[in-house]
Structures are given as structure tokens and as C-alpha cells.
Amino acid sequence: MLTLSTFIGLPTSQSEAAELIMLEQQYCAWCERWKKEIGPIYPKTAESKIAPLRMIDIHEPLPNDLKELSKGRFTPTFVLMHEGKEIGRMRGYTSEDFFWGLLGEMLKKLPTEARTQS
Numbered sequence: 002m003l004t005l006s007t008f009i010g011l012p013t014s015q016s017e018a019a020e021l022i023m024l025e026q027q028y029c030a031w032c033e034r035w036k037k038e039i040g041p042i043y044p045k046t047a048e049s050k051i052a053p054l055r056m057i058d059i060h061e062p063l064p065n066d067l068k069e070l071s072k073g074r075f076t077p078t079f080v081l082m083h084e085g086k087e088i089g090r091m092r093g094y095t096s097e098d099f100f101w102g103l104l105g106e107m108l109k110k111l112p113t114e115a116r117t118q119s
């Protein structure tokens, strides 16, 4: 069945927009540290406007729109997705500077129109 968005070119699913996937697991000390240091402010940032965060437990089945994503074994792992494709991957979290620096580099790999969304 075709939808109106099919005809006018609007995204038909969340996987067609840029998003930042956080792969996490229970008892991950570095995941908890990220949630404490970055988690509260991330939704308020320009980066979040470009790539909203979605958290995925590596021990749970992947959502249908992420079936092709390799979960890996190390957490946290951050995967920048755009139009259903992996753009970049950051393994681990050690500090705010580490996270923001690498995220900035990953975001530069997005097409210009994806980086200027608001």
C-alpha cells in the first residue's frame, strides 16, 4: 500500500532520518557515566536536533528498521545512522570531550541538508 509520503518524498520511517543509536547493556559503568554526564543535556543540543538519540540494549532483538546494524560487544557504542545506513561509529566513552569531539567528526560526514535540519 502506498502512502501519501511515498508520493511527496517525505520520510516513511524513522530510519530515513539521521539518528544517533546508543548501544548499551545493563551493568555497564561507562553507559551509566554517559547517562549522568551527557544524557541530561543531549536532548537540548544542536547535535540532538540533527541526530536524535535512540538507546538500544545489545541483549534485546533489534528493531525492524535496524536489522542490518551490527551490535558488537562493547558498550557504550554510538552509531550515527542516516537513511538507514551507518555513517560512523564511536566505541566507548571516557569523557565529555571525547564524546563531543568524535560526535562532531561523525556529524561532518552527513550530507549538508541533514546537518542543517532543525
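Residue 2 is where the sequence shown starts when you use my numbering, and the numbers rise one by one after that. Just so it is clear, CB atoms sit at the ideal spot from N, CA and C, and this is done for glycine as well.
Check	Outcome
Is it right to say PRO44 is buried, meaning 16 or more other beta carbons lie within 10 angstroms of its own, or is it exposed?	exposed
Would you say the beta carbon of ALA18 comes nearer than 7 angstroms to a heavy atom of the ligand FAD?	Inclusion of the ligand FAD in the displayed structure is not the case, the ligand content being empty and no account of it being possible.
DSSP beta-bridge partners for PHE1?	Residue 1 lies beyond the range of the chain shown here (2 to 119); nothing can be said about it.
On the criterion of 16 or more Cβ atoms from any shown chain inside 10 Å, does ILE95 qualify as buried, or is it exposed?	Sequence check: residue 95 is Thr here, not Ile. THR95 comes out exposed.
If you run the structure through DSSP and keep just helix, strand and coil, what is ARG67?	At residue 67 the sequence reads Leu, which differs from the Arg that was named. If DSSP states are grouped into helix, strand and coil, LEU67 belongs with the helices.
When you compare each of PHE99, LEU111, LYS109, ARG116 to GLU38 by their alpha carbons, which one comes out closest?	PHE99
Ordered along the chain, which non-local residues of its own chain (more than five positions away) have a Cβ less than 7 angstroms from that of LYS103?	Checking the sequence, you will find Leu at residue 103 rather than Lys. Here the set comprises MET91.
In the DSSP assignment, find the beta strand (DSSP E) that holds LEU111 and state where it starts and stops.	First-last for LEU111: undefined, no H or E at that position.
Give me the DSSP bridge partner(s) of LEU54.	LEU21
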